[in-house]
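Visitor: The opening residue of the sequence shown carries number 1 in full-length UniProt numbering; numbering runs sequentially from there.
Yeah, the Cβ is synthetic: ideal placement off N, Cα and C, and Gly gets one too.
Pasting in a structure now, in structure tokens, and then I'll have a few things to ask.
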Amino acid sequence: MAAKGNEEETQLQEMEEEAAATGVEREMESDEEEGMGVEDSDEEEDDSSDDEKENEAEIQRLEEQLSINAFDYNCHVDLIKLLRQEGELLRLRRARQKMSELFPLTEEIWLDWLKDEIRMTEEEPNREKVNELFEKAVKDYICPEIWLEYAQYSIGGMGVPGGIERVRAIFERALTAVGLHMTKGTAVWEAYREFENAIMSTMQPPPGSIATREQQGLLNAQLERIHTLFRRQLAVPLMDMEATFAEYEEWSDKEIPETVSTQYKKAVQHMEKSKPFEEALLVAEPPKLAEYQAYIDYEQQEGDPARIQIIFERALAENCLVPDMWAKYTKYLDRQLCIRDLVLSSHDRAVRNCPWTMGLWKNYLLALERHGAEHQTVSEIFEKALNAGFIQATDYVDIWQAYLDYLRRRVDFSKESSRELEELRVAFTRALDYMKQDVEERFSESGDPSCTIMQVWARVEASHCKNMQKARELWDSIMMKGNAKYANMWLEYYNLERSYGDSLHCRKALHRAVQCTADYPEHVCEVLLTFERVEGSLADWDTAVQKTETRLMRVNEQRAKVAEKEALLARQEEEKAEQRRRAKADKKAQKKSQKKAGEKRKAEEDEDEEDEWGDDSEQPPKRHRGEGDPGFGGLGRAVWRRRRRAAAGRGKAADATAAADRRNDGTSVFVSNLAFSMEDPEARLRELFRACGPVQQVRPVYSGKGAFRGYGYVQFQDLAAVDEALKLDRQEVDSRPMFVSPCVDKNKNPDFKVFKYSTSLEKHKIFISGLPYSCTKEQLEELCKEHGTIKDIRLVTNRSGKPKGLAYVEFQDEAQASLAVLKMDGTVLQEHTLTVAISNPPRRNLADRPDSARALGSTLPGQLYGARGKGRTQLSLLPRSLHRQAGMDSKAENGTLQNQSGGSVGGAPVAAGGSGLDAQSKPLSNADFARLLLKK
């Protein structure tokens with residue numbers, strides 16, 4: 001091995017000499033080309049200097065950002081990349097050390113760091129620093145590549161006394177850590193054997209000489225060591241272990257023992273059982289949680305603790321930010337292995353990877369107490385938990401309770417006073433101050449509305465310290481925090497007094513409960529009467545009966561008033577709903593009457609012309625043609641077209657009547673927001689909904705001119721198909737979302753509304769705004785999947801299918817969504833800064849906002865639009881020549897509207913200069929409009 005090291009040094013010297021020679025040649029070439037390329041070199045220097053300035057500015061910005069928020073993981077990564085790119089080795093080392101203190105580093109970051117440090121510390125005295133760095137690296141994750149790098153580096157320092165044994169110790173640790181890794185463990189076994197083979201080659205006697213007895217003994221021991229390595233490896237199920245067995249047969253000069261073959265066959269059988277899980281991991285895409293969970297379940301059924309541990313470690317190496325996986329792993333270690341160092345190190349890694357998860361910190365504190373850690377260590381871990389940045393106020397309550405439980409278990413209550421008891425009381429006081437100051441300031445709530453911490457303190461004082469005075473003071477504080485109206489709080493206090501107090505204070509507590517309880521006063525009154533039956537005198541009984549009767553009478557009166565008020569509000573709502581229905585029915589009846597009047601006029605015109613046209617005529621008579629015009633005259637053509645439209649309308653009406661007879665709203669869905677340009681809508685809708693169930697009929701809706709209006713009805717044969725069809729809501733059809741909703745008659749159900757999405761707080765879903773319009777679902781999934789398992793992604797679009805730059809991303813649980821908010825808020829995607837928050841959609845009923853006039857459907861004077869704003873089709877269809885100026889006033893005289901010029905409207909003459917149409921007393925007929933238009 002020493003010879004090998006000398007060869008490496010010689011190669012390094014040769015490489016340095018070549019580099020120096022190359023540099024001299026380049027300098028000579030540059031001197032020759034100095035007159036030709038001076039300008040180009042200057043430009044390159046300017047560009048490089050500009051890049052260096054930009055990188056330095058970016059480095060300073062990142063360092064300032066980390067000084068503000070040291071827990072910004074992405075900022076640490078970016079800073080390390082820039083410093084490594086610039087070659088700032090000392091600053092790079094400090095940046096890596098700071099990040100390592102806060103977070104576990106990934107395999108890639110560790111390998112880069114280790115390689116850089118190895119190059120920087122080439123002298124022997126500095127090898128210990130690199131060894132310490134390797135020790136830190138192997139503790140973060142179970143990584144075969146890092147263990148191999150560690151072993152290879154240790155071989156370089158083998159020349160010192162005890163170096164060989166040190167290398168062997170590192171290899172043994174590597175086998176313990178990753179030797180069972182089914183796909184990557186083979187590399188560690190082979191590296192160990194190669195090392196031992198290299199040692200054996202140095203023990204061989206020179207050619208032509210005979211080994212001494214001592215040399216032969218050392219050689220035999222080394223051969224046995226290699227045999228043992230082969231046998232150990234063949235007993236472990238690993239991929240491609242057949243090649244290892246063949247190599248052992250070729251290497252060994254003896255027949256392989258039967259015991260080794262038997263162990264090898266068992267290992268092969270185990271490997272074949274595990275092979276499907278390994279293949280599933282190879283083809284699966286990250287995060288592979290389902291595949292790893294199936295693998296873990298299988299190994300737990302097999303029951304080999306070492307293999308269960310290695311598969312957990314492999315899963316965590318790829319999913320280090322999944323709190324549930326860490327919780328399952330630490331729970332297994334706590335209950336099954338119970339090895340102190342392994343358990344505590346795993347808990348420490350869990351909270352470093354997922355510091356925002358309160359449950360991991362809580363389990364860490366329990367594990368420390370379970371394995372007898374020092375009090376100072378437990379306190380330090382608790383202080384770190386308080387600074388971890390939990391996402392809910394209740395998390396701080398839970399972590400304080402866990403710590404207070406630990407402190408309470410340390411106290412020896414047989415002693416009247418002790419240092420542990422005083423520490424417990426100080427901790428209770430500090431917990432209450434922390435909840436009042438820090439938690440309420442951050443979350444605008446205490447997180448402990450029931451005052452659980454104070455209740456526990458009161459019970460500890462009453463039961464263990466026999467200090468009822470302190471317990472009563474605490475309960476007074478609890479009731480003053482808004483809990484006096486709850487019956488369960490009073491009964492909890494009563495039970496405490498019943499167990500550790502006296503009858504006098506029990507009676508006082510129940511009397512106060514009767515007076516203050518608002519939710520269940522009957523129950524409190526019953527408890528008071530029961531107590532007086534057992535404990536009280538006749539006077540106490542009479543007082544209790546009088547107080548309970550008075551209280552219940554008052555409660556019944558209040559409830560009657562509330563019920564009357566609610567009934568009044570319900571009646572008012574019913575009246576408003578009835579008024580809306582009547583107004584809608586009147587409006588519909590008015591439209592129907594106007595339509596019938598128009599059809600009657602058309603029918604009369606058609607009857608007048610039937611004598612001359614005939615029922616079967618397709619052209620008007622020649623006398624209706626214009627002079628010199630081979631086609632129809634204007635009037636004749638119009639009448640003929642009206643006649644043809646009326647005939648077509650009668651045919652469509654008949655078809656509609658026939659279709660209505662077959663219509664069934666219960667088995668139908670309403671489909672809208674389709675493209676007007678859709679070809680053959682009926683066939684297309686049948687194709688879209690064929691997979692939902694047998695389609696009975698499709699009723700697309702057309703305009704009077706035969707154009708598709710973008711909506712229609714699909715009726716199925718079975719009721720079950722409707723639920724399947726509703727699942728197609730918002731499916732993209734022709735680059736726009738198709739709306740699918742239940743088919744409901746709005747005349748019978750005017751208040752019926754369907755809204756697909758939730759309008760309340762969704763803790764497992766995040767809302768992202770500021771997205772570029774070009775962002776796709778795949779790009780967003782790629783951005784979010786590193787923060788957890790994604791169940792659904794919805795890009796918000798308008799009715800035409802164009803994106804709005806908004807999206808909802810649903811994760812598997814609340815912790816993953818919260819992590820995504822912390823990591824993604826403020827990030828930049830395609831030069832767009834994203835805003836990320838927990839999904840909390842606003843209420844869709846804008847009528848609840850009293851300050852919104854448009855939400856209430858009211859309009860300001862002069863507005864031509866209502867609750868939903870100005871419609872797209874609310875245009876003025878009045879000819880400009882007939883439009884009256886808004887400044888012209890009108891007045892009514894003798895039942896006729898007069899304008900300022902003295903003209904009248906509605907049968908009377910009109911003065912030149914104003915039409916008077918805006919002041920008409922009744923709608924003008926077609927004849928009136930014709931006279932106005934033809935007037936010269």
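For a test of the three-state rule: what should DSSP assign to P257, helix, strand or coil?
Guide: As a position in the sequence shown, residue 257 is number 257, starting the count at 1. Of the three classes helix, strand and coil, the one that applies to P257 here is coil, per DSSP.
Visitor: What does the Cβ neighbour count give for E374, buried or exposed, with the cut at 16 atoms within 10 Å?
Guide: In the sequence shown, the residue the question calls residue 374 occupies position 374. Under this definition E374 is an exposed residue.
Visitor: Would W457 be called buried (16 or more neighbouring beta carbons within 10 Å of its own) or exposed?
Guide: By one-based count along the sequence shown, residue 457 stands at place 457. Buried.
Visitor: With a 10 Å radius around its C-beta and 16 neighbouring C-beta atoms as the bar for buried, classify Y73 as buried or exposed.
Guide: If you number the sequence shown from 1, residue 73 lands on position 73. Exposed, because fewer than 16 other Cβ atoms sit within 10 Å of the Cβ of Y73.
Visitor: Applying the 10 Å Cβ sphere with the 16-neighbour rule, what's the burial state of V828?
Guide: Taking the sequence shown and counting its residues from 1, one reaches residue 828 at position 828. It counts as exposed.
Visitor: When you compare the stretch 51-64 with the stretch 72-92, are there three or more beta-carbon pairs, one atom per stretch, that lie closer than 8 Å?
Guide: Result yes; three or more Cβ-Cβ pairs closer than 8 Å.
Visitor: Look up T377 in the DSSP assignment and say whether it is helix, strand or coil.
Guide: Start at 1 with the first residue of the sequence shown, and residue 377 comes out as number 377. Three-state DSSP puts T377 in a helix.
Visitor: Between N673 and the rest of its own chain, which residues show a CB-CB distance below 7 Å, the 5 nearest in sequence each way excluded?
Guide: Against the sequence shown, residue 673 aligns to sequence position 673. For N673, where only same-chain residues beyond five positions count, the Cβ hits under 7 Å are G710, R736, P737, M738, F739 and R799.
Visitor: Does DSSP classify R799 as helix, strand or coil?
Guide: Position 799 of the sequence shown, counting from 1, holds the residue named residue 799. R799 falls in the coil class under three-state DSSP.
Visitor: May I ask you to report which of helix, strand or coil DSSP gives M158?
Guide: Taking the sequence shown and counting its residues from 1, the one referred to as residue 158 is at position 158. M158: coil per DSSP, three-state reduction.
Visitor: Under 8 Å by Cβ, that's how I've got Y486 and A509 pegged, so tell me the actual separation to the nearest angstrom.
Guide: Taking the sequence shown and counting its residues from 1, the one referred to as residue 486 is at position 486. Taking the sequence shown and counting its residues from 1, the one referred to as residue 509 is at position 509. Not really, about 14 Å apart at Cβ, beyond 8 Å.
Visitor: How many whole angstroms separate the CB atoms of K362 and I399, which I take to be in contact at a CB cut-off of 8 Å?
Guide: One-based indexing of the sequence shown puts residue 362 at position 362. One-based indexing of the sequence shown puts residue 399 at position 399. Their Cβ separation, rounded to whole angstroms, is 6 Å, which keeps K362 and I399 in contact under 8 Å.
Visitor: Helix, strand or coil for F428 per DSSP?
Guide: To locate residue 428, count along the sequence shown from 1; it is residue 428. Of the three classes helix, strand and coil, the one that applies to F428 here is helix, per DSSP.
Visitor: Which residue from V397, D395 and L407 puts its Cα closest to that of L368?
Guide: The sequence position of residue 368 within the sequence shown is 368, counting from 1. L368 has its Cα closest to that of L407, out of V397, D395 and L407.
Visitor: Tell me which residue opens and which closes the beta strand (DSSP E) that H764 is part of.
Guide: Within the sequence shown, numbered from 1, the residue matching residue 764 stands at position 764. That run of the beta strand (DSSP E) goes E762 to S769.
Visitor: Near P305, what residues of its chain come up, given a Cβ to Cβ distance below 7 Å and the 5 sequence neighbours on each side ignored?
Guide: Counting from 1 along the sequence shown, the entry for residue 305 is found at position 305. Counting only Cβ-Cβ distances below 7 Å, and skipping sequence neighbours, we find Q336 and L337.
Visitor: Here's the rule I'm using: 16 or more other beta-carbon atoms within 10 Å means buried, otherwise exposed. How should S839 be labelled?
Guide: In the sequence shown, residue 839 corresponds to position 839, counting from 1. The residue is buried, with at least 16 neighbouring Cβ atoms inside 10 Å.
Visitor: Which value, in whole angstroms, describes the spacing of the CA atoms of S418 and R459?
Guide: As a working note, residue 418 is residue 418 in the sequence shown. As a working note, residue 459 is residue 459 in the sequence shown. Cα to Cα, S418 sits roughly 19 Å from R459.
Visitor: Go to T394, then tell me how far its alpha helix (DSSP H) extends in each direction, as first and last residue.
Guide: Sequence index remark: in the sequence shown, residue 394 carries index 394 (1-based). From DSSP, the alpha helix (DSSP H) with T394 extends over A393 to R410.
Visitor: Between the alpha carbons of A567 and K584, how many angstroms are there, rounded?
Guide: Position 567 of the sequence shown holds residue 567. Position 584 of the sequence shown holds residue 584. Taking the straight line from one Cα to the other gives about 25 Å.
Visitor: What's the C-alpha gap between P286 and K777?
Guide: Looking up residue 286 in the sequence shown gives position 286. Looking up residue 777 in the sequence shown gives position 777. Taking the straight line joining both Cα atoms gives about 17 Å.
Visitor: Taking the C-alpha atoms as reference points, what is the distance between G631 and F676?
Guide: By one-based count along the sequence shown, residue 631 stands at place 631. By one-based count along the sequence shown, residue 676 stands at place 676. Low per-residue confidence applies at G631: pLDDT is 41, beneath 50, and the placement is therefore not dependable, though the value from the model is reported in the following sentence. Going from the Cα of G631 to the Cα of F676 covers about 33 Å.
Visitor: Excluding sequence positions up to five away, which residues of its chain have a Cβ less than 7 Å from the Cβ of A393?
Guide: The sequence position of residue 393 within the sequence shown is 393, counting from 1. Same-chain partners within the cutoff: V439, F443, E445, S446 and G447.
Visitor: Who pairs with I838 in a beta bridge, going by DSSP?
Guide: Here residue 838 is taken as the residue at index 838 of the sequence shown, counted from 1. Answer by DSSP bridge pairing, in chain order: I766.
Visitor: Can you look up L728 in the DSSP assignment and give me helix, strand or coil?
Guide: In the sequence shown, the residue the question calls residue 728 occupies position 728. Note: L728 maps to coil in three-state DSSP.
Visitor: Taking the alpha carbon of L66 as the reference point, which residue from L79, A544 and A589 has its own alpha carbon closest?
Guide: Taking the sequence shown and counting its residues from 1, one reaches residue 66 at position 66. Here the closest residue by C-alpha is L79.
Visitor: Is it true that the CB of L234 sits closer than 8 Å to the CB of Y248?
Guide: Taking the sequence shown and counting its residues from 1, one reaches residue 248 at position 248. Taking the sequence shown and counting its residues from 1, one reaches residue 234 at position 234. A contact, by the Cβ cut-off of 8 Å.
Visitor: Considering only the beta carbon of each residue, do A513 and W490 sit closer than 8 Å?
Guide: By 1-based counting over the sequence shown, the position of residue 513 is 513. By 1-based counting over the sequence shown, the position of residue 490 is 490. Cβ atoms of A513 and W490: closer than 8 Å.
Visitor: Look up L829 in the DSSP assignment and give the residues it is bridged to.
Guide: The residue given as residue 829 occupies position 829 in the sequence shown. For L829, which the question treats as bridged, DSSP gives the partners H832.
Visitor: Looking only at C-alpha atoms, which of L289, P257 and H787 sits nearest to E814?
Guide: Counting from one through the sequence shown, the residue named residue 814 turns up at place 814. Minimum Cα distance to E814 is reached at H787.
Visitor: How far does the alpha helix (DSSP H) with V821 in it reach, from first residue to last?
Guide: Walking along the sequence shown from the start, residue 821 turns up at place 821. Looking at the DSSP string, the run of the alpha helix (DSSP H) that includes V821 is E814 to M824.
Visitor: Assuming M738 is part of the beta strand (DSSP E), what are its boundary residues?
Guide: By one-based count along the sequence shown, residue 738 stands at place 738. Run containing M738: R736 to P742, per the beta strand (DSSP E) assignment.
Visitor: For E790, write down the residues that DSSP places opposite it in a beta bridge.
Guide: In the sequence shown, residue 790 corresponds to position 790, counting from 1. Looking at the sequence provided, one finds Ile at residue 790 rather than Glu. Answer is F811.
Visitor: Of the residues E522, R93, R507 and L552, which one's Cα is nearest the Cα of A539?
Guide: In the sequence shown, counting from the first residue as 1, residue 539 sits at position 539. That would be R507, whose Cα lies nearest to the Cα of A539.
Visitor: Output yes or no for whether 8 Å exceeds the beta carbon distance between V809 and C784.
Guide: Here residue 809 corresponds to residue number 809 of the sequence shown, with the count starting at 1. Here residue 784 corresponds to residue number 784 of the sequence shown, with the count starting at 1. Closer than 8 Å, so yes.
Visitor: Do the stretch 164-179 and the stretch 138-155 make contact, defined as three or more Cβ pairs closer than 8 Å?
Guide: Because the criterion of three Cβ pairs below 8 Å is met, the stretch 164-179 and the stretch 138-155 touch.
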